[in-house]
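One structure is given below, encoded as C-alpha cells.
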Amino acid sequence: MKRIDTIAGLRASLDAARAEGRSVGFVPTMGYLHEGHVSLMRAARRDTDVVVSSVFVNPLQFAANEDLDDYPRDLERDSELATAAGVDVLFVPSTTEMYPDDHPIATTVTVTGASEGFEGASRPSHFAGVATVVAKLFSIVGPCAAYFGEKDFQQLSVVRRMVADLSMPVEVVGCETVREPDGLAMSSRNAYLTEAQRAAAPVVSRALRTAADAIRAGETDPSAVRRVMADIVAADTGPETDSELDYADVVDAVSFATPDPLAGDLRLLIAVRFASTRLIDNVGVTAPVAPTRGS
Ligand code: PAF
Numbered sequence: 005m006k007r008i009d010t011i012a013g014l015r016a017s018l019d020a021a022r023a024e025g026r027s028v029g030f031v032p033t034m035g036y037l038h039e040g041h042v043s044l045m046r047a048a049r050r051d052t053d054v055v056v057s058s059v060f061v062n063p064l065q066f067a068a069n070e071d072l073d074d075y076p077r078d079l080e081r082d083s084e085l086a087t088a089a090g091v092d093v094l095f096v097p098s099t100t101e102m103y104p105d106d107h108p109i110a111t112t113v114t115v116t117g118a119s120e121g122f123e124g125a126s127r128p129s130h131f132a133g134v135a136t137v138v139a140k141l142f143s144i145v146g147p148c149a150a151y152f153g154e155k156d157f158q159q160l161s162v163v164r165r166m167v168a169d170l171s172m173p174v175e176v177v178g179c180e181t182v183r184e185p186d187g188l189a190m191s192s193r194n195a196y197l198t199e200a201q202r203a204a205a206p207v208v209s210r211a212l213r214t215a216a217d218a219i220r221a222g223e224t225d226p227s228a229v230r231r232v233m234a235d236i237v238a239a240d241t242g243p244e245t246d247s248e249l250d251y252a253d254v255v256d257a258v259s260f261a262t263p264d265p266l267a268g269d270l271r272l273l274i275a276v277r278f279a280s281t282r283l284i285d286n287v288g289v290t291a292p293v294a295p296t297r298g299s
C-alpha cells in the first residue's frame, strides 16, 4: 500500500491508473479505523481495480464545542488495517493541504432537506462540513464508486442527494452497519465510553430492534414507536452512565418525513448522549401491508 500526503501526488498516481483503464473505488474516513471501515474497504476491493481510502479529520464538520482536538487518531494502526483490507493507496493530507491558510475555503456545499433535523438539528453546521469535504475529496480522487456506512444514515442520504443534484459521476454505495457481538454499532467514538457507559451502550440498538419488532407486529402509530424506544433507554441506563436520549424517531427511509399511520420502507433513528459522547444508530424496517377491506 502506498501512502500519499499531497493532492498533486494522489492525482498523478490515479491518473496513471485511469489511463490504463482501471476503475477507482474510494472509502473516505476520519481514521481510527474499525471493522466498519474495513467492511467498506473490502466492498471497494471487491468492486473496483484500485482502492483509495482517505484519513482526514475534517475540521469543517466539527462545531467549536465538539471533539476535533480530542478525536482519536492512530495512523500506524490505520495503515496496517487498510493494508490488510486491500487498500492500494492511503491518502493522508494535512489540514493545510486540504485548506491552505492563505486560501481559506469560500465555497461550501449545503444540502437542504436531507441535512435538516436529527443530526442536523443537534449539529447545525455538521452536514455542510461533511458535504463540502466529500465533494472536495471526490474532485481530488475522481472515484467511480464511493463507499459509506449505513451507520451514518443521514450522512449517506446527504451524500446521495449531493451526488444526484450536482450530477457527480460517482456511484454511492451504502454498506450495512457492522456491530459488536452485543449489538453496539461500531464507531470510533465508542473509545470515549467509560466502563459503565460501554456496558449500557447496547441499549441503543436494543431500543431500535424492539421498535422494529413492534412495527413488524403491526404498530402503525409513530408516537407509540417513539415511546417504545424512549422507555427502553430510560429503563436500561442508570445515573452512573450520565446518559440522555437526544432523539428516537421513525421516518420514511427516503424523505425523512414521518408517515402517520406508518407505512412503507421506514428507518428508525436514535441518538443517545453518554456524557459528552453521542452515539447514533438506525435500522431499516418495512411496515407490513395492511389487509384491504374484504381481502
Ligand atoms: O463518516 C465520516 O467518517 C466522515 O463524515 C467523512 C465521510 C469521512 C467526511 O469527513
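Numbering (the working numbering), first residue to last: 5 to 299.
For glycine and all other residues, C-beta sits at the position ideal for the given N, C-alpha and C.
- Under the 10 Å beta carbon count, His130 is surrounded by 16 or more other beta carbons and is classified as buried.
- Minimum Cα-Cα distance from Ala234 among the listed residues Ser209, Ala221, Val59 corresponds to Ser209.
- Counting the other Cβ atoms within 10 Å of the Cβ of Val54 gives 16 or more, which makes it buried.
- For the pair Val145 and Val28, the CB atoms are nearer than the 8 Å cut-off.
- If the five residues before and after Ala267 are omitted, its C-beta is found closer than 6 Å to the C-beta atoms of Ala291, all from its own chain and listed in chain order.
- Looking from the CA of Ala86, the closest CA among Val232, Ala132, Gly35 belongs to Gly35.
- Remark: the C-beta of Gln158 is outside contact range of the ligand PAF, defined as less than 7 Å to any heavy atom.
- Shown here, Gly146 sits in coil according to DSSP, grouped into three states, outside any helix or strand.
- Distances between the C-beta of Val167 and the heavy atoms of the ligand PAF are all 7 Å or more.
- Annotation: the continuous beta strand (DSSP E) that includes Asp250 extends over 247 to 256.
- According to the DSSP secondary-structure assignment, Ser57 is paired through a beta bridge with Val31, Leu94.
- For Gly124, the enclosing alpha helix (DSSP H) starts and ends at 123 to 126.
- DSSP places Asp240 outside both helix and strand once states are collapsed to three, so it counts as coil.
- Within its own chain, the residues whose Cβ lies closer than 8 Å to the Cβ of Gln201, once the five positions on either side in sequence are excluded, are Thr245, Asp246, Ser247, Phe278, Ala279, Thr281, listed in chain order.
- Cα atoms of Gln159 and Tyr251: separation of roughly 16 Å, rounded to the nearest angstrom.
- Beta bridge pairing from DSSP links Val287 with Leu272.
- If you draw a straight line from the Cα of Asn286 to the Cα of Arg271, it comes to about 7 Å.
- The continuous stretches of beta strand (DSSP E) do not include Gly25, and DSSP gives it neither H nor E.
- Secondary-structure assignment with DSSP links Phe278 through a beta bridge to Ser247, Thr281.
- In this structure, the ligand PAF has no non-hydrogen atom nearer than 7 Å to the beta-carbon of Val54.
- For Thr112, same chain residues with a beta-carbon under 7 Å away, outside a window of 5 residues either side, are Ala132, Thr136 in chain order.
- The DSSP-derived three-state label of Glu154 is helix.
- Contact between Ile236 and Thr214 holds: their C-beta atoms lie close to 6 Å from each other, under 8 Å.
- As DSSP reads the structure, Ala189 sits in a beta bridge with Arg183.
- Selection Ser119, Leu249, Thr241, Met45 evaluated against Glu199 yields Thr241 as nearest (Cα-Cα).
- With a 10 Å radius around the Cβ and a threshold of 16 neighbouring Cβ atoms, His41 comes out buried.
- Residue environment for Asn69: exposed (fewer than 16 other C-beta atoms within 10 angstroms of its C-beta).
- Fewer than three pairs of CB atoms, one per stretch, sit closer than 8 Å, so the segment 61 to 68 makes no contact with the segment 217 to 229.
- For Ile219, the secondary structure class from DSSP, reduced to helix, strand or coil, is helix.
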